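Protein chains in written order, with the working numbering: chain A, 763 to 1071; chain B, 763 to 1071.
Accompanying notes for the structure given below.
In structure tokens, the structure reads:
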């Protein structure tokens, strides 16, 4: 059933960019794919546990996401939010009515003693998704943004609440829970690990820094897709973070340097390959405008990975 | 501002019938009215604390209720419910999207240490309601229905989940929290207490049996509006419960007998007064089809109460 010779592929993903790429991989690799998702952005809102990246991956692979708006569910409504606003409650995070069902089901399941991994598997199954989707950890690891202007903010306070405007001085992960055994098993048995076009500092680093992950990656073939195209981030605040956090101008090369020896190969936009040395590079169209783009890019990435065997 | 000479009126209420009558009282008495509401039907659903009678009173007095459907909010949608159903979650209780904002706000506030009384006051204020609405207690008192066919069920499991079909052998209140001091203060300072046309066994008894309420009612003028009209309940399962629980045929007189010496006066439907003795009775049109009916009935009830001075 799989359009690749890899038997077991693990993709590491944050939100939208990583999710769209994972959707392409899912079309090519089906159930041979496991997506390990950042949970550093998870937070509690209206008393509910919200896992934005896990849900973005689930909605995207389930064909439920609103591709035009770029977040959330297609056909979403906001009746609950408007009433919460009328009650004077917090309305800065756009939780839609359909989306709420996910957070209610998850929060209730966690309160009954299920793990985030278990409830995610249950939700993913009911959506009818072939790949496995794994939160990076079942314990709390919270990405905190140390800003130049506004002190320390949780990721969502910074990213959504302040529209990523305060300059980032440092990223901190509060809480150091291990990767789940499901994540470690998937990594150990993977014949390919692909880091999606997600933000290295706030989407991929939380995964890579989970205890157990570095060891599980020893001997794995790891490649990455650049989230920087022509010096700009395809989505999100990455371009501004690179100079602040690693002292380089924003570029695909800076991302390659940041991942360093972890990578066996790197996929970049046409034109970005010239600045990269000491690493096998594949240059192509990496911007995924359509669903067909996702699958085409995924197939190319897998062919490139096969050429590295 | 008040269309009555009573300075302080307390109404005891369950759900729809009591709420509609309280709405009429609110139109006549404004902020001189305090509604004390049954919380024996409260339950936890999707991890949220739901207070159906408190919400029905709040929505009704706030002009937000769906009078045609007879429950919930006007213009309500059910997007969250449909997704919860798709996830295989419980969908037997119709929580609407707008309604959810109430339960989310309440549950979050309770988790932060607010009392049910405090969060109710906050919600009521934001809806712009002049009367005070008080849950009977801040502690859990759960109405359990001992049935002939299905064992012991929580009120909502019996009433909504089984459509009140299993025959009622006994009503039990599990948990015996006291009335709040706000309820007791309101009762002690009331110059009139009106029991609305609610179910005596499952809506009013939970209030009357809270520790402190009996003492606070000593010396108060208490009148009631019959929930039984011509031998039938205006709404709900009361008519079937009367024979089973007190051995009488369903009638306004049976309700009067049940309340006994608590009552100084009783308001019944035209024609139901003949069977009642030993009690001052006012007969009128008690069925509230329109909002004007509510106000007319409330004004009549208050005039009748004044005649008992």
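Beta carbons are placed, not taken as given, at the ideal position from N, Cα and C, and that holds for glycine.
Please read these numbers as outputs of a predicted model, since none were measured by experiment.
At the level of alpha carbons, what is the spacing between residue 878 of chain A and residue 814 of chain A?
13 Å
Nonlocal neighbours in the same chain, by C-beta distance under 8 Å from residue 763 of chain A, ignoring five residues either side:
Unreliable placement is indicated for residue 763 of chain A, whose pLDDT of 46 sits below 50; no coordinate value is reported for it.
Grab the span of the beta strand (DSSP E) containing residue 935 of chain A for me, first residue to last.
930-936
Do you know how far the Cα of residue 961 of chain B is from the Cα of residue 940 of chain B?
21 Å
Could you tell me whether the stretch 876-891 of chain B touches the stretch 917-924 of chain B, using the rule of 3 or more Cβ pairs below 8 Å?
no
According to the neighbour-count rule (16 or more other Cβ atoms, all chains shown, within 10 Å of its Cβ), is residue 1023 of chain A buried or exposed?
exposed
Any chain A beta carbon closer than 8 Å to residue 863 of chain B:
yes
Check whether the Cβ of residue 850 of chain B lies closer than 8 Å to any Cβ atom in chain E.
No chain E is present in this structure, whose protein chains are A and B.
Ignoring anything shorter than 4 residues or poking outside the stretch 989-1051 of chain B, list the alpha helix (DSSP H) runs there in chain order.
1000-1008 and 1014-1021
To which residues does DSSP link residue 916 of chain B through a beta bridge?
B:906
Please list, in chain order, all residues of the same chain as residue 892 of chain A whose beta carbon is under 6 Å from its beta carbon, the five residues on each side excluded.
792 and 793
Outcome for residue 973 of chain A when other beta-carbon atoms lying within 10 angstroms are tallied against a minimum of 16:
exposed
I think residue 1013 of chain B touches residue 1037 of chain B, with their Cβ atoms under 8 Å apart; what is that distance to the nearest whole Å?
6 Å
Chain A within 8 Å of residue 846 of chain B, Cβ atoms only
yes
Taking just the CA atoms, how far does residue 894 of chain A sit from residue 950 of chain A?
15 Å
So does the stretch 811-825 of chain A actually touch the stretch 776-784 of chain A, counting three or more Cβ pairs closer than 8 Å?
yes
Cβ of residue 1053 of chain B less than 8 Å from any chain A Cβ?
no
Residue 842 of chain B and residue 810 of chain A: beta carbons closer than 8 Å?
no
Considering Cα atoms alone, identify which of A:1053, A:998 and A:1045 is closest to residue 1033 of chain A.
A:1045
Return the first residue and the last residue of the alpha helix (DSSP H) that residue 1069 of chain A is part of.
1053-1069
Between residue 1069 of chain A and residue 870 of chain B, what straight-line distance do the alpha-carbon atoms span, to the nearest angstrom?
54 Å
For the stretch 799-832 of chain A, which residues have a CB atom closer than 7 Å to at least one CB atom of chain B, in sequence order?
808 and 809
Please report whether the beta-carbon of residue 888 of chain B lies at a distance below 8 Å from any beta-carbon of chain A.
yes
Top-ranked residue by Cα proximity to residue 937 of chain B, from B:801, B:997, B:867 and B:1063:
B:801
Pick helix, strand or coil for residue 881 of chain A, following the three-state DSSP scheme.
helix
Between the stretch 848-867 of chain B and the stretch 837-851 of chain A, do three or more beta carbon pairs fall short of 8 Å?
yes
Check this for me: beta carbons of residue 1006 of chain A and residue 930 of chain A, under 8 Å apart or not?
yes
Return the bridge partner residues of residue 897 of chain A from the DSSP annotation.
A:799
Residues of chain A with a CB under 8 Å from the CB of residue 885 of chain B: which are they?
849
Short CB-CB distance (under 8 Å) between residue 841 of chain B and chain A
yes
Identify which residue in A:934, A:816, A:979 and A:1000 has its Cα closest to the Cα of residue 959 of chain A.
A:1000
Can you check which of these residues, A:1029, A:997, A:1028 and A:991, is closest to residue 1011 of chain A by C-alpha distance?
A:991
Hey, is residue 748 of chain B's beta-carbon within less than 8 Å of any beta-carbon in chain A?
Residue 748 of chain B lies beyond the range of chain B shown here (763 to 1071); nothing can be said about it.
What are the residues that DSSP puts in a beta bridge with residue 978 of chain A?
The partner list for residue 978 of chain A (beta bridge, DSSP) is empty, contrary to what the question assumes.
Should residue 1083 of chain B be labelled buried (16 or more other beta-carbon atoms within 10 Å of its own) or exposed?
Missing from the structure shown is residue 1083 of chain B; chain B here goes from 763 to 1071 and no further.
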